[in-house]
Structure formats: C-alpha cells, structure tokens
Amino acid sequence: MSRCVGSLIDEDYVLTSARCVYQIASENIIAYVNAKYVFNGETGTVSHGVAPSHVESVTIHNEYTPALQMDKEVAVLQRKLEAELKNFKDSQKEFSKLVQTQRQLDGQYLENKSILEELQLLKPTNTVYKLYGPVLVKQELDDSKQNVAKRIEYITKELKRCSENINQLEQKQDKYRANLQKLQQQYQSQMAMAKQ
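Residue 1 is where the sequence shown starts when you use full-length UniProt numbering, and the numbers rise one by one after that.
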C-alpha cells in the first residue's frame with residue numbers, strides 16, 4: 001500500500017502525482033480529506049475521525065508515462081516555483097540593502113568632497129582642527145588634505161564595488177523573473193490539464 005499527498009481542487013477533484021495512481025483501479029484508491037498521516041517508525045496511521053472517500057474515476061494526463069520526468073509534474077513545479085520565488089524575494093532584500101549602502105556612500109562622498117574643497121581654499125598658515133570625540137586636536141593642513149583625499153579614494157572604490165554588485169543583482173533578478181514566469185506558465189498549464 002502506498003500513500004500519496006494531493007491537493008483538493010474543488011469538491012469533485014483531487015490533484016496528485018500521476019505516479020500515485022498510475023495503473024491502479026479507481027476502486028482500489030481511497031482518499032482522506034483533511035487527514036494527517038502519523039508515521040510511527042515502520043507503520044503509520046491516518047488521523048482519527050476522518051472518513052475515507054472512495055474514488056470514482058482517475059484521469060491521467062494523456063502524455064504521462066512512468067518514465068515522465070519529474071519536472072513535468074505539478075507538485076515538483078510547485079516546489080520549484082516556491083524556491084525560485086524565495087530566491088527572488090531574498091535578492092530583492094539584498095538589492096534594497098545595497099541601494100541603501102550606495103546612498104550612504106554617496107552622502108559620505110559629497111561631504112568629503114566639500115571638505116576637501118574647503119581645505120583647498122585655506123592657506124598654509126591657517127590652522128586646522130580635527131574633532132576626536134569631545135576634543136579638538138590641531139592638525140597640519142597637508143595631513144588633513146591627505147586624510148580626506150584617502151577617504152574620498154576609499155569611498156569611490158566602495159561606490160564602484162557597490163554599483164557592480166547592484167548591476168549583478170539586477171541581472172540575477174531578471175533571470176529569477178524569467179524563471180518565475182516560465183514556471184508559472186508550466187504550473188498553470190499542468191493545473192489546467194489536471195482538471196480536464
């Protein structure tokens with residue numbers, strides 16, 4: 001005796017894998033709606049209080065053969081669809097984080113660029129102070145310019161890296177969208193055939 005899981009399509013139809021019912025007479029198939037199967041080591045039982053329903057007929061897709069690849073079956077398509085959707089949602093979260101990081105870096109870049117422009121206007125005789133916690137510390141003008149220039153260089157590299165990651169992620173998302181669309185079409189096609 002084999003046990004399979006199915007989905008209740010409406011009050012007359014249950015959708016399950018063709019492998020579950022292939023070459024089995026409908027009078028030998030029993031359906032338990034809203035049942036839970038409890039497995040105890042080697043044997044299992046159906047949850048109490050669920051009445052069995054007898055199957056009147058079985059309709060198997062006309063292209064089904066036992067050797068049919070698993071990816072053509074509705075259950076497998078549904079799992080693939082769920083996995084691809086999860087990948088797409090995860091990539092959207094990652095994309096949002098990258099865009100937020102890019103905005104922060106843009107702000108830091110503009111701030112440091114304006115600081116460097118201000119430092120360029122100063123004369124060598126001017127005094128520059130840097131804030132370290134609650135204390136202002138005197139700093140050489142050339143040192144200040146070098147430090148800010150290094151910060152700008154670092155931020156520029158980070159912006160480039162972030163931009164490249166965003167572009168790569170956009171390409172991944174395009175692939176996920178295409179795969180999702182393809183899987184949804186296959187799934188809907190299989191569901192339509194199952195109802196025939």
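The beta-carbon is built from N, C-alpha and C at its ideal position, and this holds for glycine as well.
Segment contact: the region 77 to 87 against the region 177 to 190, three or more CB-CB distances shorter than 8 Å; contact assigned. Per the coordinates, the alpha-carbon of residue 29 lies some 9 Å from the alpha-carbon of residue 56. DSSP places residue 14 in no alpha helix (DSSP H) but in the uninterrupted beta strand (DSSP E) bounded by 13 to 16. For residue 96, there is no enclosing beta strand (DSSP E); the enclosing alpha helix (DSSP H) covers residues 74 to 121. By the Cβ criterion, the region 100 to 112 is not in contact with the region 132 to 146, since fewer than three pairs of Cβ atoms, one from each stretch, lie closer than 8 Å.
Here the alpha carbon of residue 140 sits roughly 17 Å from the alpha carbon of residue 112.
Here residue 179 has 84 as same chain residues with Cβ atoms under 6 Å from its own Cβ, once five neighbours each way along the sequence are excluded.
A distance below 7 Å between beta-carbons, with the five flanking residues on each side excluded, links residue 15 to the following residues of its chain, in chain order: 6, 7, 9, 74, 194.
When C-beta atoms of the region 161 to 173 are compared with those of the region 88 to 103, three or more pairs fall below 8 Å, so the two segments count as touching. Counting only residues of its own chain and dropping the five nearest sequence neighbours on each side, residue 54 has no CB closer than 6 Å to any other CB.
Ranked by how close their Cα comes to the Cα of residue 144, the residues 166, 77, 121, 164 have 121 in first place. If you check the CB distance, residue 78 and residue 187 come in under 8 Å.
Residues of the same chain with a CB within less than 7 Å of the CB of residue 176, apart from the 5 flanking positions on each side, are 84, 87, 88, 91 in chain order. Counting along the chain, no beta strand (DSSP E) covers residue 133, and no H or E run does either. Residue 60 sits exposed, since fewer than 16 C-beta atoms from the chains shown fall within 10 Å of its C-beta. Excluding its 5 nearest sequence neighbours in each direction, residue 116 has C-beta neighbours in its own chain below 8 Å: 145, 148, 149, 152, listed in chain order. For residue 31, the uninterrupted beta strand (DSSP E) run begins and ends at 30 to 32, by DSSP. Of 63, 58, 62, 31, the smallest CA-CA separation from residue 51 is found for 31.
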